Ligand code: TYD
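Residue numbers (my numbering): 34 to 263.
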C-alpha cells in the first residue's frame with residue numbers, strides 16, 4: 034500500500050523543457066509533442082520563458098525590448114529569475130501537482146547559457162538564484178534542439194519577416210556559435226536529464242526524434258521499474 038506522499042509522486046505530471054538557439058524550431062516541436070501527448074490522453078499544457086504567467090509576461094516585455102542590456106547581465110539575470118519565480122509558482126507547480134504534463138519553451142538552461150556562458154555572470158550567483166526560484170523542481174527531461182548556426186539564423190530571419198529583431202537575435206555570428214557550443218556541453222554534462230536532438234531536418238523527422246527521446250528517457254524500463262518501486 035502506497036503512502037499519500039508516494040501516491041502524490043506517482044500522480045505528478047512530467048516536466049519537459051525545450052532549449053536551443055535562434056531558429057532551432059522549439060515552438061513547432063513543442064506544439065507537435067503537446068498534440069501527441071494530449072492525443073494519448075496525457076493532459077498537457079505548453080508554456081514559455083521568459084513569461085508564461087501574468088507577472089512574468091510583464092518582465093518578458095521589459096527584457097526583450099532591450100532594457101535588460103542597459104542594466105547589464107547580472108541585473109538582467111535577476112529579472113529572468115523574478116519572472117521564473119512567478120511562472121513556477123503560478124503555473125508550473127500547480128499543473129504538475131494536478132497530474133498535468135508541462136512543456137516549457139526555455140527554462141534554467143537558457144539562463145545558464147545566455148547569462149552565464151555568454152554574459153559571464155558568476156555561476157555561483159546563478160546557482161543561488163536557481164535554489165530560490167525552482168528549489169528541487171528539476172525538469173524530468175530537457176530536449177536540446179541542435180542546428181548549425183547559419184541554418185538557425187536563416188529560419189529566424191524568415192519567421193520574423195518585417196518585424197524588428199529582438200535583443201538576442203541581433204547579436205553576431207560568434208555569439209550564436211558560442212551559444213550552440215554551450216548547449217551541446219550541457220547535453221554532454223547531464224545525459225540523464227538532457228537529449229541532444231539533431232534538428233537540421235524537416236519538422237516531421239525532428240518530431241520523430243523528439244518522441245523517441247521522450248520514450249527512451251521517460252518510459253524506459255528503468256524508469257518504469259523505478260515507478261513501480263515507488
Ligand atoms: P523568444 O522570443 O521567446 O524567442 P526564442 O525562444 O524563439 O529564441 O526569446 C527569448 C529570448 O530570451 C531568447 O533570445 C533567449 C533569452 N533568454 C535568456 O537570455 N535567458 C533566459 O533565462 C531565458 C528564459 C531566455
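Built from N, CA and C at the ideal position, the CB exists for glycine as well. Note that this is a predicted model, so its numbers are computed, not measured.
Judged by their CB atoms, residue 110 and residue 162 are nearer to each other than the 8 angstroms cut-off. In the DSSP assignment, residue 173 falls outside any alpha helix (DSSP H), carrying neither H nor E. Taking a contact to require three or more Cβ pairs closer than 8 angstroms, the segment 216-224 and the segment 235-246 do not qualify as touching. DSSP places residue 53 within a strand segment (E or B) once states are collapsed to three.
In the DSSP assignment, residue 246 falls within the alpha helix (DSSP H) that extends over 236-251. Judged by DSSP secondary structure, residue 133 falls outside any alpha helix (DSSP H); it is assigned neither H nor E.
In the DSSP assignment, residue 67 falls within the alpha helix (DSSP H) that extends over 59-72. In the DSSP assignment, residue 219 falls within the unbroken alpha helix (DSSP H) covering 206-222. Looking at the backbone, the Cα of residue 60 and that of residue 135 are separated by about 14 angstroms. In the structure shown, residue 193 adopts helical secondary structure according to DSSP, grouped into three states. Between residue 117 and residue 175, the gap from beta carbon to beta carbon reaches 8 angstroms or more.
Within 10 angstroms of the beta-carbon of residue 130 lie fewer than 16 other beta-carbons, which makes it exposed.
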